[in-house]
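Numbered by mature numbering (1 follows the signal peptide of the UniProt record, and there is no 0), the letters in the sequence shown go through residues -28 to -1, 1 to 627 in order.
Just so it is clear, CB atoms sit at the ideal spot from N, CA and C, and this is done for glycine as well.
The structure presented is a predicted model; accordingly, all values stated were derived computationally and were not measured.
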Amino acid sequence: MRGKIVGRVIALVSVVVVVAMSAPAAWGAPGDPGADANTLTMSLADLGLSPTLAFYGAESAQPLTVPVLRGLKPTTLNATVELPLNLRSGIITVTQADHTIARFETPAADQAPIVIPLGATELINDAVTVMVRVSQVPKDGTCFNLESPLRMVNPTVSYTGVEQAPSTVAHFLPSILRALTIFVPKSPSEAESNSAVQLAIATVARYRSHVPDIDVVPLPEGQAAPPTPPRSMERQIVIKDGPNRGLSLQGPSDAPWLLISGPTRTDESDIAVLFSDVSELVAAPKAVVGSLKSSLQFPGNNTTLRDLEQPSLKSVGLQPRLSVGLDQTRFGRSIHSVRVHLLGSHSPTPANLGGEIIVSAGNETIDHWPTDANGNIDRWIDVPDRLLQRYTSLDLEFNVSGNFGPCGDFFTAGAGNHLLELTINGDSSVQSSPAAPPVPDGLRSIPQALMPRIQLGIEPHSFGDTARAVETMVGLQRISGVPLDTTVSGVQQAIDSPNPAILIAADGWNHPDIVLPVSAAANGPITLNGLGSDGKPATIELDPQMRFASLQTVLNRGRSLLIATSNGAPVQLDALLKSLGGENSRWPSLGGVALVSVPGQDAVTVSLKNLPGGGNSEGHSGLGWLWWLGGGWLVVAGIGAAVILLRNRRRAPRA
């Protein structure tokens, strides 16, 4: 699993290895890429890499690591070259370690295709890493435009060979995964549901750059195996309670699937072994793990950028820029009152030039100071709470004014080619305090307000709720900088717990002690609970009656709750969760305190504002908010005009 694990404890008490299977056969069904033609071409975007390679200035280099499936070998890197302005000539060089793989001139024409050979590269840990370097010379009397780099667009990698089926647990998960299908019984136990969630989370954390399609499918009645073989770059995993605990490859050697089982409960160690550094030890078709635990030790109120996985930040150029990232999920809680002690250096600025470092968050400048001749940075930065997000970027920019010569000659003259430098050290400290209520609030506080351990409340033996829990956690893991930790229980057990929780009530919300911002009885109008202008509870009703699904956040007894529910429309809730997982930007962009979906319409965000003195006080379960609906919610196409009624206004009779 990715993410820095501090204080990781791995105690491998016993790994029982059973005799290995026969040699793997060629894998891949007819019609799948690579199955018949022994060739496969994938875009860098499909491999989870940047869809564009950009090279700035006279000298620029980028490392490129390409994953490789077992049985395949990369042959070429293909791309279209967009030339920069004012280019006279250029050389593209590709190296691996000290070995030159290829060297050739840049194309003479813009938008020309190039093919970089990769056949001579060495494969290490199911990947090939090369360095792509571009040297450029501008036309006489001109300079390179810093906004016009040489670009390699639409890059793809071509492979030859045939994908091999896994023959051991260690090799079950490939370097490139398009789809993961998780099979559970139609009436899963709590342990089976929990294992499905944990498996999905671990998969997202491992394949963070490109999350595969993850589906939860019920096992057919009376069957214990997937009904169809896996496709190319798909893996199938069955989670089922059984007398023997462990992981084992099942099925034919040319199309195996993995079984995770255990008596009455499945140990999290069985899932952890698939994604941990010791998975290479499991070089057999079956393994039983005695104890393998991975735990996150989150930073306290005082930490460093290094502990937040930012050991050193550096930018070089005529106007260096860099960003310090503050990811609340890496703190394992909501934070506020953030102060950052920036330690670093910048290029000394001589007396005839003026320099300034500007720090901004979002679009707002929060600090700036002049540079000097000694080049040291030692500055405390206060980050206002109103600018804090789930992920807050502190952007630093080093600006210089004055005459520094054409093309930056003042800085580039001499053998050193010295441009301006801006560096922030990993020893820079970050101070914060736990935020209660969370900052920011609502859906933007998720998942950090639910951490460090998220309790999932679902209906017992519900396949539907298990699939919804997986869908929800996959979305939350995609916006978390660290692997999330969960435990599954019943809904009432999660409500009674003092811990933060995600509650799934697909058929309706039947817990009146927790009042939702948007709620309605199964046959009643939609009711929006909030506070009126006089500070008293008020109710707004929307008519005609309509079915809706929602994701909502409330505070209850000092802990945050994320509630997925509907007013008797579980299919609509499934559609809402599915739509959120369809685009990478949907979960990160969620705001407000509720996301509401009605049939045939885009989901609408319900936003909030604090009233003076209102707050979100204990016992109100979220009633300390003023709610308003976006204009898109008030026009519902296809069901007629929506009539807005206040509680004390009599509803008009139906036609």
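Inset, instruction - Kindly indicate which residue of ILE486, GLN222, ARG150, PRO571 has the alpha-carbon position closest to the one of ARG531. - result: ILE486
Legend entry - Per DSSP, the bridge partner or partners of SER319: The partner list for SER319 (beta bridge, DSSP) is empty, contrary to what the question assumes.
Legend entry - Cα-Cα separation, ARG358 to LEU368: 19 Å
Inset, instruction - Give me whichever residues DSSP pairs with ILE486 in a beta bridge. - result: The partner list for ILE486 (beta bridge, DSSP) is empty, contrary to what the question assumes.
Legend entry - Ordered list of beta strand (DSSP E) runs contained in the segment 98 to 127, each at least 3 residues: 99 to 110
Legend entry - Spatial distance of PRO190 from ASP70 (CA atoms): 52 Å
Legend entry - Euclidean distance between Cα positions of ASP82 and VAL543: 51 Å
Inset, instruction - Output the boundary residues of the alpha helix (DSSP H) element that contains GLN464. - result: 463 to 468
Inset, instruction - In the DSSP assignment, find the unbroken beta strand (DSSP E) run with ASN274 in it and report its ends. - result: 274 to 276
Legend entry - Cα-Cα separation, ALA408 to ILE307: 8 Å
Inset, instruction - Within its chain, find whatever has a CB closer than 8 Å to the CB of residue 630; leave out the 5 residues flanking it on each side and keep chain order. - result: Examination of residue 630 is not possible in this model, given that the chain is present from -28 through 627 alone.
Legend entry - Best match in GLY414, MET423, ILE329, ASP479 for proximity to GLU431 [C-alpha to C-alpha]: ASP479
Legend entry - Contact the segment 418 to 438 vs the segment 142 to 150: 3+ CB pairs below 8 Å: no
Inset, instruction - Could you tell me the distance, in whole angstroms, from the CA atom of PHE270 to the CA atom of THR301? - result: 9 Å
Legend entry - Local conformation of ALA575 per DSSP, three classes: coil
Legend entry - Bridge partners - ILE148, DSSP secondary structure assignment: In DSSP, ILE148 forms no bridge with anything.
Inset, instruction - Return the chain-ordered list of same chain residues with a C-beta closer than 6 Å to the C-beta of residue 628, the five sequence neighbours on each side being excluded. - result: Residue 628 lies beyond the stretch modelled for the chain, which goes from -28 to 627, so this question has no answer here.
Inset, instruction - Tell me the start and end of each unbroken beta strand (DSSP E) in the segment 26 to 96 that is at least 3 residues and wholly inside, in chain order. - result: 31 to 39, 44 to 54, 59 to 68, 71 to 77, 84 to 89
Inset, instruction - Identify every residue that forms a DSSP beta bridge with LYS212. - result: SER233
Inset, instruction - Using beta-carbon positions only, say whether VAL156 and GLU164 come within less than 8 Å of one another. - result: yes
Inset, instruction - Verify whether the separation of the beta carbon atoms of ARG150 and MET205 is less than 8 Å. - result: yes
Legend entry - Within 8 Å, strictly: CB atoms of LEU549 and THR444: yes
Inset, instruction - Identify which residue in ARG425, GLN449, ASN346 has its Cα closest to the Cα of GLY327. - result: ASN346
Legend entry - Contact belief for LEU475 with LEU533 at Cβ below 8 Å, rounded distance in angstroms: 6 Å
Inset, instruction - Please state whether DSSP places MET205 in a helix, a strand or coil. - result: coil
Legend entry - CA-to-CA distance, PHE116 to ASP546, given in whole angstroms: 52 Å
Legend entry - Distance CB(ARG311)-CB(ASP354) smaller than 8 Å: yes
Inset, instruction - Enumerate in chain order the residues of its own chain whose CB-to-CB distance from THR128 is below 8 Å, with the five nearest sequence positions on each side excluded. - result: THR13, MET14, SER15, LEU16, LEU49, ASN50, ALA51
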